[in-house]
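Line order of the protein sequences matches chains A and B. Heads up, the first sequence stops at 541 in the numbering used here, and the numbers go up one at a time, no gaps. Heads up, the second sequence stops at 541 in the numbering used here, and the numbers go up one at a time, no gaps. Beta carbons are placed, not taken as given, at the ideal position from N, Cα and C, and that holds for glycine. All values reported here derive from a predicted model rather than from experimental measurement. Following: one structure in C-alpha cells, then a few remarks.
2 protein chains.
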Amino acid sequence: MPHTEYEFASRTVNSCRRFHWIPSLQRPPCGPRTNVETYEGQHSANKASEVQKRTFGSAATHNQRNPAYSELNSDDVCYFKSILGDNGVVQDEDRIAVANVDWMGKYKGASQLLLLPKSTKEVSKILSYCNTRRLAVVPQGGNTGLVGGSVPVYDEVIVSLAGMDKIISFDNVNGILTSEAGCVLENLSTFVENEGFIMPLDLGAKGSCHIGGNISTNAGGLRFIRYGSLHGNVLGLEVVLADGTILDMLTTLRKDNTGYDLKHLFIGSEGSLGVVTKVAVLTPAKLPATNVAFLSCNDYTSCQKLLLAARRNLGEILSAFEFMDHHCIDLAIRHLEGVQNPLPASQYKFYVLIETTGSDESYDKTKLEAFLLRSMEDGLVSDGVIAQDISQASNFWRIREGISEASVKVGAVYKYDLSIPVEKLYDIVEEMRCRLGDNAEVLGYGHLGDGNLHLNILSSKYDDSILTQIEPFVYEWTSAQRGSISAEHGLGLMKAEKIHYSKSTEAVQLMASIKKLLDPNSILNPYKVLPQSVL
Amino acid sequence: MPHTEYEFASRTVNSCRRFHWIPSLQRPPCGPRTNVETYEGQHSANKASEVQKRTFGSAATHNQRNPAYSELNSDDVCYFKSILGDNGVVQDEDRIAVANVDWMGKYKGASQLLLLPKSTKEVSKILSYCNTRRLAVVPQGGNTGLVGGSVPVYDEVIVSLAGMDKIISFDNVNGILTSEAGCVLENLSTFVENEGFIMPLDLGAKGSCHIGGNISTNAGGLRFIRYGSLHGNVLGLEVVLADGTILDMLTTLRKDNTGYDLKHLFIGSEGSLGVVTKVAVLTPAKLPATNVAFLSCNDYTSCQKLLLAARRNLGEILSAFEFMDHHCIDLAIRHLEGVQNPLPASQYKFYVLIETTGSDESYDKTKLEAFLLRSMEDGLVSDGVIAQDISQASNFWRIREGISEASVKVGAVYKYDLSIPVEKLYDIVEEMRCRLGDNAEVLGYGHLGDGNLHLNILSSKYDDSILTQIEPFVYEWTSAQRGSISAEHGLGLMKAEKIHYSKSTEAVQLMASIKKLLDPNSILNPYKVLPQSVL
C-alpha cells in the first residue's frame with residue numbers, strides 16, 4: 007500500500023545547472039498512510055495495565071489508571087447501541103485492536119469499545135452519558151498522531167469520527183469549506199482543488215488524517231510557511247463539550263469580533279477540551295503554476311543563507327522550504343522502493359527542497375531560475391535540479407515525505423519535533439550524534455522556513471539505555487534555547503509531563519483551570535496534554 | 007493636525023485608461039488620529055452617573071454602576087504613588103478628561119484617576135491591588151476604539167499603557183518583533199520597514215493606536231486580505247491577569263504546540279480577561295513593488311465580480327481591495343481639505359481601491375495593467391487610474407482612510423461594522439437608506455475582500471428617533487444573514503448586550519465562565535464585551 011501510489015520517473019534526473027520547467031504542476035496525492043498492521047509483528051498484544059511499563063520513548067510515564075473512572079459494563083454497551091445502532095458500536099477484537107494502537111506501534115491501549123457516531127447529536131449523547139457515568143473517552147480521527155494522543159492509555163472508550171465524513175458546503179466565491187470533522191484531508195484537498203482552491207495545510211499523513219484531528223492537534227505541515235497556522239485559517243468550529251453541550255461556533259465569516267474567540271481553545275488542545283464535530287476552513291485560491299527544485303548545500307550555514315535569500319527573492323511565490331541532512335536521503339534510498347537521489351552520489355551534506363506556487367508560469371520560471379543561478383554563483387547551492395514534470399516533482403516530495411515512513415522501517419524510532427531558532431537548529435542534531443555514537447542513527451530534517459526540526463533517532467529496537475541518553479537532554483537543550491519541545495506534533499501522552507520545558511508554571515496552571523472548567527470530570531482524553539499533577 | 011501630513015498631488019490625476027506605474031511605492035505614514043479635543047465642543051462635561059442616560063448609538067445601555075466596586079479613596083492614591091511615583095499617577099482634571107472620552111466624543115466616563123505604569127511589574131502591582139480592593143479598571147491604549155471599549159463607563163481607574171512603549175528586540179532574519187504593548191503602531195511600522203519588513207496590520211488610526219490595543223481588540227484593517235488575522239500573526243504575549251499574575255507567553259517561535267494556546271484568549275477580548283503588556287509579532291518581508299489603482303464600477307455586482315477576478319488574476323500580489331460608494335467620496339471631498347476625486351465628476355456609483363504588493367516591479371506592472379484592461383473590456387470597471395507616484399497613491403488611500411474622519415465632521419455618526427456574505431453586503435446599505443429617507447445620510451464602504459462592511463449613518467446630531475429606526479433592525483438583519491454584528495471593532499460598551507445576535511447562548515455562557523475564571527471580581531473593563539445578565 008505505501009508505495010503503489012508513487013510512480014518514479016523512468017528518466018533519471020540529471021544533476022545539472024539547466025533547470026527545467028514544468029508548466030503547471032500538481033503534486034499527485036499520496037496514498038493512505040501505512041496501516042498499523044505493518045508493524046504489528048513488533049509488539050505483542052498487551053493489556054492496558056501494562057502501558058505504564060512500556061519504556062520506549064516518553065511513553066514511559068508512570069501514571070496509574072485513574073480509579074475515578076468507571077469501568078465499562080453491559081448496560082453501557084446497551085445504551086450506546088440504543089443511540090448508535092449495532093453498527094455504531096464495535097466490540098470486535100480485531101477492529102478494536104487497530105484503534106488501540108498508534109501507527110508507529112509505539113502506544114497501545116486496551117479499550118474494549120469503539121463507537122462510531124454519525125452525527126453531532128450522537129456525539130453529544132455519547133459524551134453526555136460518559137460524563138454522567140464517568141467513563142473516560144479518547145476521541146479518534148485518522149489515528150496518525152506521533153505522540154500517543156489518539157489512542158487509549160487504558161480502557162477509555164474510543165469515539166471515532168470516521169463516520170462523520172460529509173462535506174457540508176463549499177462557498178466557491180470566497181473559498182470557504184464547511185465539513186464534518188471525520189473527512190480525510192486528502193479527500194477535502196481533492197474536492198477543493200476541483201473547485202479551484204487548495205487546503206491551507208498539507209502533510210505526509212493526508213491520506214489518513216482527518217480534518218478534525220488536524221484542527222484538534224493544530225497540525226502544521228508543508229504549507230505552513232505560505233499559509234500559516236490553523237489559528238489563522240479555521241473560521242468556525244462546532245464542538246461537543248464533555249457534558250454533551252453542542253457549542254456552535256460554525257461561522258463562515260472571515261472576521262467576527264463578537265466576544266471571546268472560543269474556537270481557538272479547541273485548536274491544538276488535542277481533544278482534551280471538547281470533540282470537534284464540524285469545521286469551516288478558509289481555502290486559498292489554487293494558483294496554476296507550481297514548481298519544485300531539489301538542491302544540495304555543503305554546510306548548514308548555506309542552508310540558512312539560502313532560506314533568507316529565498317524569502318527575499320522568491321517572496322510571495324515561495325510555498326515550501328524543506329531541508330534534510332544526507333542521513334535522511336540515505337535512509338529513504340535504503341528503505342523506500344524506487345526512491346533515488348536526484349543529485350549524483352551522496353557527496354553533499356544537506357539537501358533543500360524548494361517549492362514555488364504562483365499565478366504566472368513564465369514569470370515564476372524566470373524568477374526561480376534566476377534565484378537558483380544566483381545562489382549557485384554565491385556558493386550557497388552546490389548542485390540542483392528543477393522538476394521537469396509532475397512525476398519528477400512528486401519524486402522530490404516523495405523523498406522528503408518518505409523520511410518518516412523509512413525511519414519506522416529501521417525498527418525503533420525516537421521522534422522529536424522541536425522549534426528552535428533557525429541559527430541553532432542543527433546544533434542539537436550534531437550534539438545528539440556525538441552523545442549517541444554508534445548506538446543509534448541520528449537524522450535531522452524538517453520545515454526550516456518555520457524553524458521546525460524533526461529529530462529522528464533510529465535503532466534496531468527500543469532500548470532504555472538509548473532513551474536515557476536522549477531524554478531529558480533533548481528537552482533541557484531545547485528549553486535553554488527558549489524553543490518548543492513540540493512544534494507541531496502536540497504533547498499527547500509522550501510529552502504531557504514535559505510541558506514545563508516550554509511553558510511557565512502560571513500558564514500550565516491556567517491551562518489546568520480551563521480543563522477543569524470545560525471537563526470537570528476529566529473524561530476527555532485523559533493522561534494527555536497536561537501533567538497529572540496539576541489536574 | 008489631521009491634514010498637515012497629507013500632501014495632495016499638485017498635478018490632477020486624469021481619468022484615463024493609460025495606467026501609470028510607480029517603481030517602488032511606500033505609502034507615507036498618516037498623522038496621529040484627530041485628537042479628541044477637536045470634538046469637545048459637541049458635548050458638555052457630564053458625570054459618570056449620566057452615562058446611562060446618553061442616548062446616541064448603543065451607548066444607551068441601562069446599566070447602573072455596579073455597587074460591588076469600591077470607590078477610590080486617598081489611601082488608594084497614596085499606594086499608587088508609592089509604586090508608580092508622582093509622575094505615574096495623574097489626577098489633573100484636564101489630562102483625565104482626555105482619557106475619559108473616546109475620540110468620537112460618544113462615550114464618556116468619570117474616572118478620577120489615570121495611572122501610567124512603566125513596566126509589567128508595575129501593571130501587576132496595580133492590578134493585584136485593585137483586585138484586592140475591588141477597584142474597577144479600564145485598560146487604555148491609544149483610545150482609538152469605536153465602540154466605547156477603551157474609556158471608563160463610571161469611575162473606573164484608567165490604566166494607560168502609553169508609558170510602556172519600548173521595542174524590546176527584532177529578529178531581522180525571521181522578521182519577529184518583540185515590543186511593549188504601548189508602542190504606537192505607526193512607530194513600529196516605521197521601525198520594521200527600516201529593517202526590510204512590514205507590520206502585518208495597518209489601519210487608519212495607526213498614528214495613535216497601540217499594538218497592545220490592536221491585539222486586545224483583534225484589529226483587522228487594511229492588510230487583512232493579504233496577511234490575515236492577528237490570531238495568525240501574533241506569536242507571543244505577556245499578559246497581566248486581574249489578580250496581578252504575570253502570564254509569560256512571550257514566545258517568538260512560529261510553531262509551538264505545547265498545551266493550550268492561551269494567548270488567543272487575550273486576542274480580541276478587549277482587555278476584559280487581562281492586560282497585554284508585551285507582544286511578539288511575526289512581520290512579513292517588505293516587498294519592494296507597491297502599486298495602487300483607483301477604479302469606478304457602475305453597480306455593486308461589478309464590484310463583486312471584480313473582487314473575484316482580482317483574487318484569481320492578481321493572486322499572490324493582491325494586498326488590498328477596498329470599496330466605497332459614491333456617498334463616501336462625496337463626503338470626503340466635502341469635508342477633508344485637499345481631497346479630490348481622482349476620477350472625473352461623481353457619475354459612478356461605486357469606487358474600488360486595489361493595491362498590489364510584490365517583489366518584482368516590471369512583472370507587477372504588467373500584471374496589474376493587464377488585469378485592469380481586461381476588467382474594463384469585460385465591463386466590470388468603468389474608469390480607473392493607477393497612481394503614478396507616491397503622492398498620488400497616498401491621495402487614493404487618503405480618500406478611503408478619511409471617510410471615518412469626514413463622517414465625524416457632519417455631527418453625529420452611527421457606526422456599524424458588519425461581516426456579511428459578500429453577495430448580500432450592500433443590501434443593508436440600500437435598505438437602511440430606504441428606512442431613513444431624508445433623516446440621515448447613509449454610507450457604505452469597507453474591506454470587501456474580507457466581507458466587512460462599514461455602515462455609517464450621519465445626521466447633524468444624535469437623535470433617539472433615528473436610533474430606533476436603525477436598531478435593532480441592523481442587528482436583526484445581520485443576524486438573519488448569519489453575519490457578525492462586529493467584524494473588527496469589537497463589542498465594547500456599545501454592543502455588549504447585543505452579543506446574542508452573533509453568538510449562541512452556549513457560547514456566551516462559556517465566555518462568561520471564562521471571564522469568571524480569569525477575573526472573579528470582574529474588575530477588568532466592566533460593563534463591556536459580555537451582557538451583564540450572564541456575569
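Item	Value
Whose CA, out of A:Gln487, A:Leu133 and A:Leu313, lies closest to the CA of leucine 247 of chain A?	A:Leu133
Tell me, which residues are paired with cysteine 303 of chain B by DSSP?	B:Phe356
If we count the other Cβ atoms within 10 Å of its Cβ and call it buried at 16 or more, is threonine 138 of chain B buried or exposed?	exposed
When DSSP builds the beta bridges, which residues end up paired with tyrosine 451 of chain A?	A:Met330 and A:His460
If the cut is a Cβ gap below 8 Å, which residues of chain B does asparagine 224 of chain A touch?	Asn263 and Asp267
Around the Cβ of glutamate 77 of chain A, are there at least 16 other Cβ atoms within 10 angstroms (buried) or fewer (exposed)?	exposed
In angstroms with no decimal places, state the Cα-to-Cα distance between aspartate 470 of chain A and valine 240 of chain A.	40 Å
Rounding to the nearest angstrom, what Cα-Cα distance links tyrosine 233 of chain B and leucine 207 of chain B in this structure?	8 Å
Please state the DSSP three-state secondary structure of alanine 286 of chain A.	strand
Say whether chain B places a C-beta atom closer than 7 Å to the C-beta of tyrosine 533 of chain A.	no
My understanding is that glycine 188 of chain A touches alanine 168 of chain A, with C-beta atoms under 8 Å, so please give their C-beta distance in whole angstroms.	5 Å
To be precise: take each residue of the segment 338-370 of chain A, compare its Cβ to all Cβ atoms of chain B, and keep it if any distance is under 9 Å. Which residues remain?	Thr363, Gly364, Ser365, Asp366 and Tyr369
Who are the neighbours of glutamate 494 of chain A on chain B, taking C-beta pairs under 7 Å?	Lys261 and Asn263
Indicate whether at least one CB of chain B lies closer than 7 Å to the CB of histidine 333 of chain A.	no
Does the distance from the CB of threonine 126 of chain A to the CB of isoleucine 252 of chain A come in under 7 Å?	yes
When you compare only the Cα positions, how much space is there between isoleucine 426 of chain A and isoleucine 434 of chain A?	9 Å
Sort out for me which residues DSSP pairs glycine 242 of chain B with in a bridge.	B:Ala286
With a threshold of 8 Å, are at least 3 pairs of Cβ atoms found where one atom belongs to the segment 497-514 of chain B and the other to the segment 439-452 of chain B?	no
How is asparagine 72 of chain B classed by DSSP in three states: helix, strand or coil?	coil
I need the straight-line Cα distance from histidine 333 of chain B to histidine 341 of chain B, nearest angstrom please.	12 Å
Quick one: what's got a C-beta closer than 7 Å to isoleucine 273 of chain A's C-beta in the same chain, skipping five residues either side?	Ile221, Asn224, Leu236, His237 and Val240
Classify glutamine 515 of chain A as helix, strand or coil using the three-state DSSP reduction.	helix
Give the residues of chain B in contact with isoleucine 463 of chain A, contact being defined as C-beta atoms less than 8 Å apart.	Result: empty, since nearest Cβ-Cβ is about 20 Å, beyond 8 Å.
Between alanine 513 of chain A and leucine 268 of chain B, what straight-line distance do the alpha-carbon atoms span, to the nearest angstrom?	8 Å
Enumerate in chain order the residues of its own chain whose CB-to-CB distance from proline 145 of chain B is below 6 Å, with the five nearest sequence positions on each side excluded.	Val165, Gly277 and Val281
Under the rule that 16 or more other beta-carbon atoms within 10 Å means buried, what is glutamine 97 of chain B, buried or exposed?	exposed
Can you check whether the C-beta of threonine 606 of chain B is within less than 7 Å of a C-beta belonging to chain A?	Because chain B here runs from 7 to 541, residue 606 of chain B falls outside it and cannot be looked at.
Are isoleucine 335 of chain A and tyrosine 357 of chain A close, meaning C-beta to C-beta below 7 Å?	yes
When DSSP labels each residue in this structure, what does valine 157 of chain A get in the three-state scheme?	coil
Could you tell me the boundaries of the beta strand (DSSP E) in which glutamine 97 of chain A lies?	Here glutamine 97 of chain A belongs to no beta strand (DSSP E), and DSSP marks it neither H nor E.
Let me confirm a value: glycine 443 of chain A is counted as buried when at least 16 other C-beta atoms fall within 10 Å, else exposed. Which label applies?	exposed
Compare the C-beta of phenylalanine 467 of chain A against all C-beta atoms of chain B and say whether one is closer than 7 Å.	Here residue 467 of chain A turns out to be lysine, not phenylalanine, going by the sequence shown. No, its Cβ sits nowhere closer than 7 Å to a Cβ of chain B.
Using 7 Å as the limit for Cβ to Cβ distance, is leucine 209 of chain A near chain B?	no
May I have the straight-line CA-CA distance separating leucine 523 of chain A from valine 535 of chain A, to the nearest angstrom?	16 Å
Contact criterion: CB-CB distance below 7 Å. Does threonine 283 of chain A meet it with respect to chain B?	no
Applying the 10 Å Cβ sphere with the 16-neighbour rule, what's the burial state of alanine 376 of chain B?	exposed
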